Amino acid sequence: MTPPSWLQSTRAISRVTFFEIIRDKVLYNIVFFALMILGMGFLAAQMTYAHPERIIVDFGIAALSISCAVIAALTGSSLLNREFERRTAYVALSHPISRGQFLLGKYAGLAWVLAVNWLLLVSAFLFILNFTADNFYEILTPILGWALVFALLQGLVLASITLFFSTFCTSSLTFMFTVGIYLIGNNISEIRLLAAHSKAPALNTALNSLSSILPNLEHFNLGSSVTYGLPPSPGLISAGLFYGCIVSVIFLFLAGLLIRTKEV
Amino acid sequence: MSMPVIEVEKVDQAFRTGFWLKKSKILHQVDLQVPRGEIFGFLGANGAGKTTLIHLIVGLRKPVSGSVRIGGKDAALPEARTLIGYLPERPYFHEHLTGEGMLRYFGALSGLRPAEISERIAPVLEEVGLGPNSTRAGTKIPRYLELKRYSKGMLQRIGIAQALLHDPEILVLDEPMSGLDPMGRKEIRELILRLSKRGKTIFFSSHVIPDVEAICTRVGLIEKGRIVGCGSISDLLTSKHISNAKTSRIEIAFAGLPDDQARSLTSKIPEFNFDRKIPEGFTGTVTDSAALQSAIRALINLRAEILWITPVRPSLEDLFQKEGAL
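Protein chains in written order, with the numbering used here: chain G, 350 to 613; chain Z, 15 to 340.
In structure tokens form, the structure reads like this:
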């Protein structure tokens with residue numbers, strides 16, 4: 350008998366993880382909240398004279414981005430800790446798989462949940478947009494498509510960050526750190542601006558270091574490009590995709606190193 | 015003794031505990047060998063270090079010092095774990111999975127292909143008593159039932175089923191009979207014996223001595239993280255570990271004497287100990303055949319009726335009590 354391949358173990362663990370998360374009531378609250386934001390966008394659009402579809406697009410992208418981020422942070426933060434606290438990981442890890450394989454399987458399961466949530470919300474978003482806007486097909490620009498894809502990509506990056514923190518933090522700390530990174534990461538240019546305006550050299554250095562160390566999630570925010578109808582720049586898109594993949598891989602790699610030392 | 019498949023050599027294990035993460039030593043220079051095809055019972059009180067050692071054997075932890083090898087391979091390597099089927103102390107499984115879903119999950123983690131898993135599920139469930147033939151009429155077949163609906167006994171059985179699914183050479187069972195009713199214990203004992211006959215090496219821990227005594231060929235005793243005895247049951251029972259008083263006791267049951275006279279025999283007959291009152295009369299013990307002769311003579315002189323004379327075989331419990339007192 351040979352140990353399972355990475356693909357085989359990832360498939361098995363991600364399947365169990367997917368159904369485990371799907372049964373979690375928290376997930377439905379997040380999805381409901383996101384649908385509410387979409388609904389609010391629809392209502393706000395009814396009260397607008399010009400370009401109501403822009404309101405729906407802004408609300409739609411925000412709903413997608415927030416729900417993907419909250420799912421990654423909230424369900425991801427308890428994913429590993431729950432396995433170790435309930436000791437369900439013990440039997441899995443007594444099989445011929447490495448802890449890295451186990452971690453990747455958990456990440457893949459969470460990624461599937463994010464993808465399903467994304468599909469559901471994108472469908473709802475397009476339905477509302479089609480219902481509201483007269484020029485539906487004109488609004489469906491490539492940049493809007495990329496903005497929606499990048500909302501999912503940001504969720505995947507946050508999922509890897511969540512798993513990284515959960516290898517050495519409690520669930521609540523992991524959630525707080527991930528939300529912190531989400532908030533700071535989406536305001537990196539503001540922090541750099543603050544550093545530039547700061548008169549205290551220590552504060553300047555601290556803010557610049559912070560903005561250099563933490564992942565810059567602004568790469569995944571194409572909201573303003575969508576609002577102004579700018580065409581997608583291939584360089585910007587490929588840089589965003591590459592940045593998302595590389596940040597996820599780095600955090601998963603670090604999580605893989607740390608989980609090896611985690612005591613059961 | 016045949017080639018050992020589980021080798022534990024000079025293993026120390028410690029955990030960091032408390033705010034200052036102070037190291038607390040759990041295992042001290044543990045040495046243990048389990049030969050192929052043997053049923054090895056691992057006895058110890060709660061907190062003695064049984065589960066910690068089992069976690070080292072199944073590769074869940076690495077020892078601070080020393081080595082643990084399974085089939086000659088380092089226990090921490092996935093290749094070593096292909097040889098092992100493990101049942102944890104309490105079967106912690108994902109409750110949302112059905113019995114079959116859980117077996118498919120762990121089958122895939124063992125490296126089995128989906129077709130092989132499908133082939134193995136039915137015979138393994140039948141083996142542990144969860145097959146359709148063992149299910150009561152009108153109830154759902156366990157393989158299609160969610161694990162949260164399983165009873166304690168069913169969870170224990172499905173836990174053994176997942177350990178058996180990839181047909182491992184070694185089975186490591188942590189307290190496999192805990193929480194089971196007498197019938198369930200008997201069935202698990204029979205299952206372990208059947209598996210042993212098929213050549214499996216079985217390492218199981220327990221703090222219930224009769225369970226170990228009934229089926230094990232060899233036992234290891236652990237006390238406060240140290241191995242205090244290891245060998246075949248007969249060797250351990252005849253070894254110097256047990257005091258003479260325990261090894262050569264002979265029980266005499268008698269009747270026909272008033273209560274106070276029976277109780278006063280301890281002072282009248284040399285080396286005779288009054289034991290207890292039983293429905294038929296009384297029992298007492300002597301330690302050797304000379305004392306037995308004089309006790310019989312004295313009882314006959316007192317016109318007592320001798321009911322039976324039985325040599326008392328020392329039990330593992332006697333040994334365990336002796337070692338526990340160390």
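Backbone N, C-alpha and C define an ideal beta-carbon position, used for all residues, glycine too.
These numbers were taken from a predicted model, which means no experiment stands behind them.
### Gln-176 (chain Z): contacting residues in chain G (beta-carbon distance under 8 Å)
Val-440
#### Entry: Partners in chain G for Pro-49 (chain Z), counting only beta-carbon separations shorter than 8 Å
Here the premise fails: no neighbours, minimum Cβ distance about 21 Å.
### Segments assigned beta strand (DSSP E), at least 3 residues, entirely inside the segment 76-142 of chain Z
79-84, 98-101
### Query
CB-CB under 6 Å to Glu-21 (chain Z), same chain, minus the five flanking residues each way: which ones, in chain order?
Gln-47, Arg-83
#### Entry: 9 Å Cβ cut-off: residues of chain G touching Glu-93 (chain Z)
Thr-351, Pro-352, Pro-445
### Message
One question on the structure: do Tyr-119 (chain Z) and Leu-111 (chain Z) come within less than 8 Å of each other, judged by their Cβ atoms?
### Response
yes
### Query
By how many angstroms is the C-alpha of Tyr-456 (chain G) removed from the C-alpha of Val-365 (chain G)?
12 Å
### Message
Just checking: is the beta-carbon of Ser-124 (chain Z) within a distance shorter than 8 Å of some beta-carbon in chain G?
### Response
yes
### Query
Would Met-116 (chain Z) pass as a contact of Ile-172 (chain Z) if the rule is Cβ separation under 8 Å?
yes
### Message
Check whether chain G comes within 8 Å of Ile-256 (chain Z), counting only Cβ atoms and requiring the distance to be less than that.
### Response
Model confidence at Ile-256 (chain Z) stands at a pLDDT of 48, short of 50, so the residue's coordinates are unreliable and nothing is read from them.
### Task
Quick one: list the residues of chain G neighbouring Ala-106 (chain Z), beta-carbon separation under 8 Å, in chain order.
Note that residue 106 (chain Z) is Tyr in the sequence shown here, rather than Ala. Within 8 Å Cβ-Cβ: Arg-435, Arg-436, Thr-437, Tyr-439, Val-440.
#### Entry: Local conformation of Val-222 (chain Z) per DSSP, three classes
coil
### Query
When burial is assigned at 16 or more other CB atoms within 10 Å of the CB, is Ala-276 (chain Z) buried or exposed?
buried
### Query
Who are Trp-461 (chain G)'s beta bridge partners in DSSP?
Answer by DSSP bridge pairing: none, since Trp-461 (chain G) is not bridged.
### Query
For Arg-371 (chain Z) versus Leu-178 (chain Z), is the C-beta spacing smaller than 8 Å?
As shown, chain Z starts at 15 and ends at 340. That puts residue 371 (chain Z) outside it, with no answer to give.
### Task
Could you tell me whether the segment 121-133 of chain Z touches the segment 368-383 of chain G, where touching means 3 or more Cβ pairs closer than 8 Å?
no
#### Entry: Any chain Z beta carbon closer than 8 Å to Ser-358 (chain G)
yes
### Query
Excluding five sequence neighbours on each side, which residues of the same chain lie with their C-beta closer than 8 Å to the C-beta of Leu-501 (chain G)?
Leu-413, Cys-417, Leu-463, Ala-464, Trp-467
### Message
Ignoring anything shorter than 4 residues, give me the alpha helix (DSSP H) runs that lie fully in the segment 546-599 of chain G, in order along the chain.
### Response
550-562, 572-576
### Query
Under three-state DSSP, which class holds Lys-238 (chain Z)?
coil
### Message
I need the straight-line Cα distance from Ala-259 (chain Z) to Val-326 (chain Z), nearest angstrom please.
### Response
Below a pLDDT of 50, predicted positions are generally treated as unreliable, and Ala-259 (chain Z), at 44, falls in that range; the measurement from the model is reported next regardless. For Ala-259 (chain Z) and Val-326 (chain Z), the distance between alpha carbons rounds to 11 Å.
#### Entry: Per DSSP, cross-strand counterpart(s) of Gln-27 (chain Z)
Z:Leu-41
### Query
Using a Cβ-Cβ cut-off of 6 Å (strictly less than) and excluding sequence neighbours within five positions of Leu-11 (chain Z), which residues of its own chain qualify?
Any question about residue 11 (chain Z) goes unanswered here, given that chain Z covers just 15 to 340.
### Message
Would Thr-621 (chain G) and Ser-426 (chain G) qualify as a contact pair, given that the criterion is a beta-carbon distance under 8 Å?
### Response
The requested residue 621 (chain G) is not part of the displayed model; chain G covers only 350 to 613.
### Message
Using the three-state DSSP reduction, which class does Glu-294 (chain Z) fall into: helix, strand or coil?
### Response
coil
### Query
Is it true that the segment 470-483 of chain G meets the segment 441-458 of chain G, where meeting means three or more beta-carbon pairs spaced less than 8 Å apart?
no
#### Entry: Below-8 Å beta-carbon distance, Thr-31 (chain Z) vs any chain G residue
no
### Task
Go through its chain and collect everything with a Cβ distance to Asp-88 (chain Z)'s Cβ below 8 Å, but skip five positions before and after it.
Ser-81, Val-82, Ala-94
### Task
Mind checking the segment 63-83 of chain Z against chain G and listing, in chain order, the residues whose C-beta falls within less than 8 Å of any C-beta there?
His-69, Val-72, Gly-73, Leu-74, Arg-75
### Query
Among Z:Pro-284, Z:Ser-278, Z:Thr-301, Z:Asp-302, which residue has its Cα nearest to the Cα of Lys-291 (chain Z)?
Z:Ser-278
### Query
Given that Ala-361 (chain G) touches chain Z, what residues does it touch there, using C-beta distances under 7 Å?
Tyr-119, Ala-122, Leu-123
### Task
Name, going along the chain, the residues of the segment 360-394 of chain G whose beta-carbon falls closer than 8 Å to a beta-carbon of chain Z.
Arg-360, Ala-361, Ile-362, Arg-364, Val-365, Phe-368, Glu-369, Arg-372
#### Entry: is_contact[Thr-96 (chain Z), chain G] using C-beta, thresh 8 Å
yes
### Message
Suppose the cutoff is 8 Å on Cβ atoms and the five residues either side in sequence are ignored; what does the same chain contact list for Leu-209 (chain Z) look like?
### Response
Leu-178, Leu-185, Ile-216
### Message
Which residues in chain Z have a C-beta closer than 8 Å to the C-beta of Val-613 (chain G)? List them in chain order.
### Response
His-69, Leu-74, Arg-75
#### Entry: Residue range of the alpha helix (DSSP H) that includes Ala-267 (chain Z)
No alpha helix (DSSP H) holds Ala-267 (chain Z); the beta strand (DSSP E) holding it covers 263-269.
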